[in-house]
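Using our numbering, the letters of the sequence shown correspond one by one to residues 1 to 288.
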Amino acid sequence: MYAIQVEENRSRAGAGATAGRCLPPVPGPFPSFAARHRNIRRIAHLAAQAGVRYSIDHPRSYIHSNLDGFLEVLELARHLPGCEHLVYASSSSVYGAASAVPFSVEERCDTPVSLYAATKRSNELMAYTYSHLYRLRATGLRYFTVYGPWGRPDMAPYLFTDAVLHGRKLRVFNHGDMRRDFTYVADIVAGTVAALDHPPEDGDATPPHRLYNLGNHKSEQLLDFIGAIERACNRKAELVLEPMQPGDVQETFADITPIQHDLGYQPTTTIAEGVPRFVAWYRQYYGM
Ligand SMILES: NC(=O)c1ccc[n+]([C@@H]2O[C@H](COP(=O)([O-])OP(=O)(O)OC[C@H]3O[C@@H](n4cnc5c(N)ncnc54)[C@H](O)[C@@H]3O)[C@@H](O)[C@H]2O)c1
Numbered sequence: 001m002y003a004i005q006v007e008e009n010r011s012r013a014g015a016g017a018t019a020g021r022c023l024p025p026v027p028g029p030f031p032s033f034a035a036r037h038r039n040i041r042r043i044a045h046l047a048a049q050a051g052v053r054y055s056i057d058h059p060r061s062y063i064h065s066n067l068d069g070f071l072e073v074l075e076l077a078r079h080l081p082g083c084e085h086l087v088y089a090s091s092s093s094v095y096g097a098a099s100a101v102p103f104s105v106e107e108r109c110d111t112p113v114s115l116y117a118a119t120k121r122s123n124e125l126m127a128y129t130y131s132h133l134y135r136l137r138a139t140g141l142r143y144f145t146v147y148g149p150w151g152r153p154d155m156a157p158y159l160f161t162d163a164v165l166h167g168r169k170l171r172v173f174n175h176g177d178m179r180r181d182f183t184y185v186a187d188i189v190a191g192t193v194a195a196l197d198h199p200p201e202d203g204d205a206t207p208p209h210r211l212y213n214l215g216n217h218k219s220e221q222l223l224d225f226i227g228a229i230e231r232a233c234n235r236k237a238e239l240v241l242e243p244m245q246p247g248d249v250q251e252t253f254a255d256i257t258p259i260q261h262d263l264g265y266q267p268t269t270t271i272a273e274g275v276p277r278f279v280a281w282y283r284q285y286y287g288m
């Protein structure tokens, strides 16, 4: 969607728009796109520049996609006449390093330790503002370490599996003393669809905006997760223990009581089930 806005900017600016010049302000968001898609009722916005470590070296990419891009999505949702609900991806990283476990959505979350986290927390504040100003019904989902088929190649489950199956050493940060609330992708999909199907009520007093944790509600020791990968691959992992990385947190653990109560969300996949499914997908995908 962000690309569409850029296209519209360019065509409006005409032949005079060259690299380095300021494009003229757009007199309305997505005018032609919104007009062509008046039947859109619900939006699931998951696109983002993801990843904590990449944000250390590529900060501008996060501002571009996660702030500028997110603003375009909010503007689109606001101007679509039939938009009933915007669901967008936030992240467990908004909790920073200081939050008590399990992480509660009631926390203030104003001490992010990476720019990625800061942009995700900003998204929540931006969405809240649009809900307040325009009664946009919106739900932010704080995903917790999603893994499974088609997972992100820069994330630990993928990197570890890749290293074990290829007999390479794997780098383990904070000397292995990390815990993550690993959440299988099918559970994430179930929670996301449930949220999409249940827009927040639009009471008079509070903006129709909600936040939920979408995790497994089980904080696993990283070394136990690696053990599950070893069993699924039927090979031993060779670990290289390294210090904590900038921007990382030692533990994540989701309190999912609100989403269980409101939407009946119930994650069902343990790492004992999910890891072999991921490894099977990986082997098939790479023909191993
Ligand atoms: N995977 C996780 O464990 C995890 C955890 C917390 C939050 N999240 C969030 O969930 C969402 C999905 O994450 P993912 O792991 O599938 O990441 P991903 O990188 O696989 O998917 C993100 C997608 O967004 C697209 N995108 C990025 N910038 C864009 C732009 N400017 N215009 C259009 N498209 C753009 C990318 O091309 C990519 O297809 C993201 O918002 C991420 O921040 C993921």
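For every residue, glycine included, the Cβ atom is placed at its ideal position computed from N, Cα and C.
Neighbourhood of residue i by C-beta, 8 Å cutoff - its chain only, sequence neighbours within 5 removed
i, result
"Arg135", "Asp202, Pro207 and Pro208"
"Val94", "Cys109, Pro112, Ala117, Lys120, Arg121, Glu124 and Arg142"
"Phe173", "Glu242, Pro243, Met244, Gln245 and Asp248"
"Arg235", "Val164, Leu165 and Gly167"
Spatial distance of residue i from residue j (CA atoms)
i, j, result
"Tyr147", "Thr183", "6 Å"
"Phe278", "Asp204", "45 Å"
"Ile56", "Arg38", "39 Å"
"Cys83", "Ile229", "42 Å"
"Glu220", "Thr145", "11 Å"
"Val240", "Pro102", "29 Å"
"Asp68", "Ser92", "21 Å"
"Val300", "Met244", "Beyond the ends of the chain as shown, which are 1 and 288, falls residue 300; an answer cannot be given."
"Leu263", "Gly191", "8 Å"
"Leu23", "Pro59", "In this prediction, Leu23 scores a pLDDT of 37, lower than 50, which makes its location untrustworthy; the coordinate-derived value is nonetheless stated afterwards. Using only the alpha carbons, I get a separation of about 23 Å."
"Arg41", "Glu72", "17 Å"
"Val189", "Trp150", "13 Å"
"His175", "Lys169", "14 Å"
"Leu46", "Ala254", "19 Å"
"Ser90", "Asn66", "10 Å"
"Tyr282", "Leu133", "46 Å"
Sequence-distant residues of the same chain with beta carbon closer than 7 Å to residue i, five excluded per side
i, result
"Ile226", "Phe160 and Ala237"
"Gly287", "none"
"Ile256", "Asn213, Gly215, His217 and Tyr265"
"Arg21", "With a pLDDT of only 35 at Arg21, under 50, the local geometry of the prediction cannot be trusted, and the value read off the model is given with reservation. Counting only Cβ-Cβ distances below 7 Å, and skipping sequence neighbours, we find nothing."
"Pro81", "Arg38"
"Ala289", "Residue coverage of the chain in this structure runs from 1 to 288, which leaves residue 289 outside it and unanswerable."
C-beta contact flag for residue i and residue j at 8 Å
i, j, result
"Tyr143", "Val52", "no"
"Gln155", "Phe70", "Just to set this straight, residue 155 is Met in the shown sequence, not Gln. Against a cut-off of 8 Å, the Cβ pair of Phe70 and Met155 comes out as no contact."
"Ser99", "Glu106", "no"
"Leu222", "Arg180", "yes"
"Ala232", "Arg152", "no"
"Phe62", "Gly140", "First, the amino acid is wrong: residue 62 is Tyr here, not Phe. In this structure, Gly140 does not lie closer than 8 Å to Tyr62 by Cβ."
"Leu76", "Ala48", "no"
"Asp177", "Gln250", "yes"
"Asp187", "Thr252", "no"
Neighbourhood of residue i by C-beta distance below 6 Å, restricted to the same chain and skipping five residues each side
i, result
"Ile259", "Tyr212 and Tyr265"
"Arg210", "Thr139 and Pro200"
"Ser131", "Ala138, Pro207, Pro208 and His209"
"Pro276", "Ala232"
"Leu86", "Ile43, Ala77 and Ala138"
"Tyr158", "Gly151"
Run through the stretch 38-121 for me and flag every whole alpha helix (DSSP H) of 4 or more residues, listed as ranges in chain order. Listed in chain order, the complete alpha helix (DSSP H) runs (minimum 4 residues) inside the stretch 38-121 are 52-57, 59-62 and 69-79.
I'd like the ranges of any beta strand (DSSP E) spanning at least 3 consecutive residues and lying wholly in the stretch 169-212. Runs of the beta strand (DSSP E) spanning 3 or more residues and lying entirely within the stretch 169-212 occur at 169-172, in chain order.
Restricting to runs no shorter than 4 residues, where is the alpha helix (DSSP H) found entirely within the stretch 135-175? List check, alpha helix (DSSP H) in window: 156-165.
For the stretch 255-284, list the alpha helix (DSSP H) runs that are entirely contained and at least 4 residues long, ordered along the chain. You should have 257-263.
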